[in-house]
Amino acid sequence: MMKKITFLLALATLAGCTAGGGTQQAGGSITVATAANVQFAMSALAQAFQSQTGIAVQTVISSSGKLTAQIANGAPYDLLVSANMKYPEALLSNGSAVPPAKVYAYGALVAWSLAGITPEPTPEYLLSSNIRKIAVANPKNAPYGEQGINYLEYFGYLDTLQGKLVYGESIAQTNQYITTMAAEVGLTAKSVVLSPEMAGKGQWVALPAGSYSPIAQGVVITQYGADNHPEACQLFFDFLFSEAAQAIFGRYGYDLPQGG
């Protein structure tokens, strides 16, 4: 188990996934397993949270499925900020998290290109010979990938375009395919194209909401977090539903829960 924990923490460090810094309270640092689509918003959230509480936030970025598997196998993450509710609920079911699991925001899909392609809301344009590769996150691990496939299926183009699809293990890797132009077009999260890091790069279009299921993104405190940092975890959980945090989610293109 110690080898596994050391390896996971090393991965997080190598990935450059630490957010927040400055003065920490004793025992006031938490680690948040963060779905890749929330990567940019989480940086702003972590800064705002630390500014309010003095508690530092470290983030580990990956697909929701992979993070859930790591938590179930004992990874020392305090909370899971997932790309949908399926994974927090799975952790609750197997005893790896404590209730409640709660929707903090709703994510939206876009088609994005940096290769001189003008994406369109419906996928007919993807049949063009100018588009050889279409990036999408792995639907087995990444909720945005699952809904990207649902979008293509909704319009009846999944089978036709199957040979062009390249799968990233998360939205982060999918974005890498798009930004390096290894794929001419990609299906990704609206929060990515609105982030300060990516804003103004390439061209993107929002995909019709009815063509995929609403992406209800959920958070839960892990059993590890409840056992080791209960107060800090609860503060961060509650913070995600505060006016300040919900405003950050709104700036990154997320729809807010009713009353948010």
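Using our numbering, the final residue of the sequence shown is 508, and nothing's skipped along the way. Glycine included, each C-beta is placed from N, C-alpha and C at the ideal position. In this text the structure is predicted, and so the values were computed from the model without any measurement.
- Going by beta carbons, Val346 and Leu488 fall outside the 9 Å limit.
- Secondary structure remark: continuous beta strand (DSSP E) runs of at least 3 residues inside the stretch 364-443, in chain order: 382-385, 413-416 and 433-437.
- In the structure shown, the three-state DSSP call for Gln318 is helix.
- Gln298 is positioned such that its CB atom lies no closer than 9 Å to that of Val308.
- Where Ser277 is concerned, there is no enclosing alpha helix (DSSP H), although the beta strand (DSSP E) around it starts and stops at Ser277 to Ala283.
- C-alpha of Glu394 to C-alpha of Lys388: approximately 7 Å in a straight line.
- Per DSSP, Pro456 lies in no beta strand (DSSP E) segment and is marked neither H nor E.
- For Tyr472, the uninterrupted alpha helix (DSSP H) run begins and ends at Gln471 to Asn476, by DSSP.
- For Asn342, the number of other beta carbons within 10 angstroms of its own is below 16, and it is reported as exposed.
- Considering only Ser490, Tyr500 and Leu483, the residue with the shortest C-alpha distance to Gly276 is Leu483.
- If you check the CB distance, Tyr392 and Ile463 come in under 9 Å.
- As the crow flies, the alpha-carbon of Asn332 is around 19 Å from that of Val441.
- With contacts defined as CB atoms closer than 9 Å, Pro371 and Leu400 qualify as a contacting pair.
- With a contact defined as Cβ atoms closer than 8 Å, Ser439 and Gly501 qualify at about 5 Å.
- Counting only the Cα atoms, Ala349 lies some 22 Å from Ile303.
- Sixteen is the threshold: when 16 or more other Cβ atoms of the shown chains lie within 10 Å of the Cβ of Gln318, as they do, the residue is buried.
- Contact between Lys412 and Lys381 holds: CB atoms are separated by about 6 Å, below the 8 Å threshold.
- Leu406 sits away from Leu357, with the two beta carbons spaced by 9 Å or more.
- Per DSSP, Ser361 is one residue of the beta strand (DSSP E) stretching across Leu357 to Ser361.
- Ser310 and Ala284 have their C-alpha atoms some 5 Å from each other.
- Between Trp452 and the set Ser461, Phe485, Val433 and Gln465, the nearest pair of CA atoms involves Val433.
- Among the bridge pairs identified by DSSP, Gly501 is matched with none.
- For Gln306, the enclosing beta strand (DSSP E) has its first and last residue at Ala304 to Ser310.
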